[in-house]
Amino acid sequence: MVALSGASAVVTKQLLVGGASRGAPPALTVLAAQDQADALGGAMLAAEPEWADGATAEARADGSDTGVYIGDTTVRFFDGRPVRPARRMTMVVTAYSPDERSCGDSADGITASLHHVETNAHRLVAADRRVLPLGSMVTVPGYDDGRIVPVLDVGGAIKGRRLDVLFATHEQARRWGVRRVSVTVWEYADGLPPTDWRRVRDAKRVAVREASGGR
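Taken in order, the sequence shown gives residues 366 to 580; the numbers are from my numbering.
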């Protein structure tokens with residue numbers, strides 16, 4: 366079982382190219398990157414990512430985001446594995462809460478992925494599976510302090526390039542409103558198969574329940 370920690374350290378990818386370093390085994394590269402992240406205390410030292418056609422991320426903010434990243438400049442860690450930016454797309458992002466006001470009669474606390482809404486401490490998103498399959502990893506500007514969050518839910522109105530970010534309360538969801546932002550999609554950088562989202566166990570949810578005496 367793999368725990369969704371939600372925490373992601375960020376390190377400069379000065380030596381990493383395509384998930385491996387020049388002149389060093391991939392395993393040593395990953396360890397070196399983790400050591401660097403620990404030494405930096407998780408501080409971001411990211412440079413502007415490059416696109417295949419040379420355009421900057423800002424130039425893609427108008428929706429013409431068909432390019433792909435090359436020469437990735439950052440590596441983060443999610444679920445204990447290194448991940449890197451794969452692509453960026455402009456999306457309309459709304460918000461919801463796990464109650465009747467947002468979910469109606471289907472407010473049973475269980476997402477479309479069969480994970481509880483408390484997974485990742487209520488930090489997950491709903492997407493159109495044709496655009497972002499369940500288990501995808503994204504960062505949404507303004508949501509969860511820019512941390513990587515998993516796609517674990519869907520919604521009847523969430524079609525195409527739309528996202529619904531989860532908040533614990535309806536009031537928090539209302540404050541989010543409707544935003545058009547550039548969403549970054551992440552991929553694993555260690556060359557191993559993706560983590561099976563069906564087997565994800567949420568350590569945060571367990572820790573919160575234990576701290577509250579099992580309530």
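The beta carbon of each residue, even a glycine, is placed where N, CA and C say it ideally should be.
Please read all numbers here as calculations on a predicted model, not as lab measurements.
Setting aside the 5 residues that flank it on each side, A491 is surrounded in the same chain by D518, V519, G520, I523, D529, each with a C-beta closer than 6 Å to its C-beta; the list follows chain order. Straight across, the Cα-Cα distance linking W551 with P558 is about 14 Å. Counting along the chain, W541 sits inside the alpha helix (DSSP H) bounded by residues 535-541. In this structure, DSSP gives E483 a state outside helix and strand, which the three-state scheme calls coil. Beta-bridge partners of S467 (DSSP): none assigned. Short of 8 Å from the beta carbon of P463, and not among the five residues preceding or following it, lie these beta carbons of its own chain, in chain order: A472, G474, V482, H487, L531, A533. For S547, the enclosing beta strand (DSSP E) begins and ends at 544-553. In this model, V440 and P450 are separated by some 8 Å (Cα to Cα). For the pair R452 and S547, the CB atoms are not nearer than the 8 Å cut-off. Secondary structure at D561: coil, using DSSP grouped into helix, strand and coil.
DSSP links P515 through a beta bridge to M502. Just so you know, the alpha carbons of N485 and G469 end up roughly 23 Å apart. In the DSSP assignment, R488 falls outside any beta strand (DSSP E), carrying neither H nor E.
Of the residues D561, Y553, W562, the one whose Cα lies closest to the Cα of F443 is Y553.
Between the C-alpha atoms of R466 and R540 there is a straight-line separation of about 14 Å.
Taking C-beta atoms as the reference points, T455 and V543 fail to come closer than 8 Å. For the pair V503 and A477, the Cα-to-Cα distance works out to about 17 Å.
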